[in-house]
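The structure under discussion appears below in the form of structure tokens.
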Amino acid sequence: MIALFDHEEVGSVSTAGAEGPLLADAIARINAALCTPLADPTAAALRARSLHLSADMAHAVHPNYADRHDKNHGPSLGGGLVIKYNADQRYATDGPGASMV
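Quick note, the sequence shown lines up with residues 0 to 100 if you use numbering that gives the first Met the number 0.
Set out below in structure tokens:
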């Protein structure tokens, strides 16, 4: 399954954003169609074996605000993939997922 969301810049809690009900509702409907309720251990095992990948744009280091980035790890234009981490878990990145990218 792939889920693509809009509104991340203006509010991911909107009905079309990642924190909205769309994905959870879709998964619940798919599980119901497969006769696998969300509380079923099979459904929990499927979720645990799933890979969640969050893809987004990354801004390059702005020359006027270079001090806001780690000087050894600032993203650069055309420099390839950027894997984002956040201590507050605002990104879906975790160790196993990052190692697969």
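Glycine included, each C-beta is placed from N, C-alpha and C at the ideal position.
For the candidate residues Val100, Ser13, Leu52 and Pro40, whose alpha-carbon lies nearest to that of Ala2?
-> Leu52
Which residues in the same chain have their Cβ closer than 8 Å to the Cβ of His58, if we skip the five residues on either side of it in sequence?
-> Closer than 8 Å at Cβ, skipping near neighbours: Pro74.
Runs of alpha helix (DSSP H) lying entirely within the stretch 57 to 100, each at least 4 residues, in chain order = Counting only runs of 4+ residues, the alpha helix (DSSP H) found wholly inside the stretch 57 to 100 occupies 94 to 99, in chain order.
Excluding the 5 residues preceding and the 5 following Val60 in the sequence, name in chain order all residues of the same chain whose CB lies nearer than 6 Å to its CB.
-> His68 and Gly73
Looking at C-alpha atoms only, which residue of Tyr64, Ala47, Thr14 and Met56 is the closest neighbour of Leu95?
-> One point to set straight first is that residue 95 is Pro, not Leu, in the sequence displayed. Ranking Tyr64, Ala47, Thr14 and Met56 by Cα distance to Pro95 puts Ala47 first.
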